[in-house]
Every structure is written in C-alpha cells, then in structure tokens.
Amino acid sequence: MSLFKIAVCGRKGGVGKTTTAASLASYFAFHGLKVLVIDLDPQSNTGFVLGVDPIAPGAAELILEQKPQPLEASENLFVLPGGASLQGRDIEMADPAELSYAVQSLSEFKVIIFDCPPGSDHLERLGLVAANIALVCTNAHPLGIIGAERVLAEIRRRHERHQTGPEHCAFVLTQINKSRVFDKELPEQLATKYSDIPQLSIRQNSDLAWATAQRIPLMDNSPSKKAIEDIEQVARWIVEDTVVSEQNNGKKV
Numbered sequence: 001m002s003l004f005k006i007a008v009c010g011r012k013g014g015v016g017k018t019t020t021a022a023s024l025a026s027y028f029a030f031h032g033l034k035v036l037v038i039d040l041d042p043q044s045n046t047g048f049v050l051g052v053d054p055i056a057p058g059a060a061e062l063i064l065e066q067k068p069q070p071l072e073a074s075e076n077l078f079v080l081p082g083g084a085s086l087q088g089r090d091i092e093m094a095d096p097a098e099l100s101y102a103v104q105s106l107s108e109f110k111v112i113i114f115d116c117p118p119g120s121d122h123l124e125r126l127g128l129v130a131a132n133i134a135l136v137c138t139n140a141h142p143l144g145i146i147g148a149e150r151v152l153a154e155i156r157r158r159h160e161r162h163q164t165g166p167e168h169c170a171f172v173l174t175q176i177n178k179s180r181v182f183d184k185e186l187p188e189q190l191a192t193k194y195s196d197i198p199q200l201s202i203r204q205n206s207d208l209a210w211a212t213a214q215r216i217p218l219m220d221n222s223p224s225k226k227a228i229e230d231i232e233q234v235a236r237w238i239v240e241d242t243v244v245s246e247q248n249n250g251k252k253v
C-alpha cells in the first residue's frame, strides 16, 4: 500500500515544481522508501532531470491502463515519464479519477509523487484526485502566487463538494533568497489570506539546480547540508502531518 501520494502543483511554470518533486523523490528513496515519480507534464521535465528516457511510455499509458514499466533512475527511485501523449484526445477525455484507479496497482511503491504541469487544469486535476497530499509551489512572483491560489481554490472546492482530493495541503515557497524584499514578504503575504495552510520553504540553492542540470538525483550528487535541510523539512511535514491526522481521524485542508 502506498503511504504517501503527493501532488506537486502550482499552475505557473518556473516556480520549482519539478525541482521540488525530483528532490523530494530522491530524498525519500535515499532513506529506503520505494518511490515512483509520475510526470504529468507533456514536456516530461521530471523524467529528463532524473536521468531516464523522457519519451519512454509512461504517465499517459498508465492512465490508459496499458501498464507501462517504471524506469529506474536510482536505487529505490523509479519514474513514469510524461510526454506528448498526455496531450492526446484519450487523455483529455479521461475521467479525473482514472489516475487514482491506475495507481492502485502500484502498491509496491510507498511514495508516489505526481509532478503536475502548468497550464493544464485537467492534467493537474488527475494528479490532485489521485493524491492524499498536495504541495502547492510558488515563488515570490505575483503570477506564481496567483497560480498557487487557484490550485488551493480547486482543492477547497473539491472538499466543499465532497469530491475526492488531497486531505493534506501545504504551500512550498521556492527559490527563496531572504536578501530580496519580495521573498522576505512572501510568508506574511500568504499567511494573511491563508493562516490555516502550513508554509514550507526551499531556499535558492546551487545544489538543487546542479542536480537537475546534470540529470542526477539530488542525493546521488553529494548535496550540501543546506540543500538537504530544506528538502528534509518538506519530507518531515509530509510524514508527521499525515500520521497525526490519521491518528486523529481528521482532515487538514
């Protein structure tokens, strides 16, 4: 049974979704959990940065029940790439719950991470419906914040309508550099409107950028303590928030 099914989303490109998804996957795999990353982006960026064939059969074939073979990126870390097939008519017409049904056959993976694309509400929705945790990524750019707010509105709307969606949700503030005024103001700006949503931060870090550029999973690249600390913070929240909520039989969104 998969313990954590995590949708990494944000609606705007360039806000660190793929870096967050790939780094988090590498961290969990390094610590002994079998991890599958499902790339829902037609550009297949996650498959590329994790070093597998980005155009191999993957997410689209899974949604269409064709049983693609996950590609091994590193020990305990596997990927189903995205690709142009995700823009096909069959995927556009797929029920939002199709991916949720499909991953039920992948119970050997303890962590499943859905890297949701910008610019496609339908592909993002497939990931959200399949997930029990949402990491909503934004940087300090106003368009990034607007995109994150739209994702959160979608999640809350699904809960209000008693539709399937993530039970746990947090903002992930990415590319943070506290020497920049907007970056310093971002946590308070979000807290003013969303005081009930936890905030996790990933600082701007060359190790994260280098790992993606070199197509090497983060933990295989001897990352700095600073890089590990930020990803570890996100992983710890996922584990602790989910376990505590299940013990209390409560929902967090």
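Numbering-wise, the sequence shown is residues 1 to 253 according to UniProt numbering.
Yeah, the Cβ is synthetic: ideal placement off N, Cα and C, and Gly gets one too.
| Asked | Found |
| --- | --- |
| Could you tell me the distance, in whole angstroms, from the CA atom of residue 224 to the CA atom of residue 207? | 7 Å |
| Helix, strand or coil: which one does DSSP assign to residue 20? | helix |
| Between residue 239 and the rest of its own chain, which residues show a CB-CB distance below 8 Å, the 5 nearest in sequence each way excluded? | 4 |
| Report the option in 93, 86, 54 and 199 whose CA atom is closest to the CA atom of residue 236. | 199 |
| Quick check: residue 172 and residue 116, are their CB atoms within less than 7 Å of each other? | no |
| Rounded to the nearest angstrom, what separates residue 106 and residue 182 at their Cα positions? | 41 Å |
| Between which residues of its own chain and residue 41 is the CB-CB distance below 7 Å, once the five residues before and five after are set aside? | 82, 115 and 117 |
| Fully enclosed by the UniProt domain "AAA" (6 to 161), which beta strand (DSSP E) runs are 3 residues long or longer? | 35 to 39, 71 to 74, 77 to 80, 111 to 115 and 133 to 138 |
| Am I right that residue 164 and residue 100 are in contact with their C-beta atoms under 8 Å? What's the rounded C-beta distance? | 7 Å |
| Over the uninterrupted alpha helix (DSSP H) stretch that includes residue 175, give me the two end residues. | Unbroken run through residue 175 is the beta strand (DSSP E), 168 to 176; no alpha helix (DSSP H). |
| Report all residues from its chain with a CB closer than 8 Å to the CB of residue 250; omit the five preceding and five following residues, and keep chain order. | The predicted position of residue 250 is uncertain, since its pLDDT is 48 and thus under 50; a value taken from the coordinates is nonetheless stated next. Once the five neighbours on either side are set aside, residue 250 has no close Cβ partner at all. |
| Considering only the alpha carbon of each residue, which of 242, 147 and 241 lies closest to residue 16? | 147 |
| Alpha carbon to alpha carbon, what distance is there between residue 214 and residue 140? | 26 Å |
| Straight-line CA distance for residue 242 to residue 168? | 7 Å |
| With a threshold of 7 Å on Cβ separation, who are the neighbours of residue 186 within its own chain once the five nearest residues in sequence on each side are excluded? | 140 and 173 |
| Quick one: is residue 90 buried, meaning 16 or more other Cβ sit within 10 Å of its Cβ, or exposed? | exposed |
| Quick one: residues in its chain with C-beta nearer than 7 Å to the C-beta of residue 190, no 5 flanking neighbours on either side, listed in chain order? | 171 and 199 |
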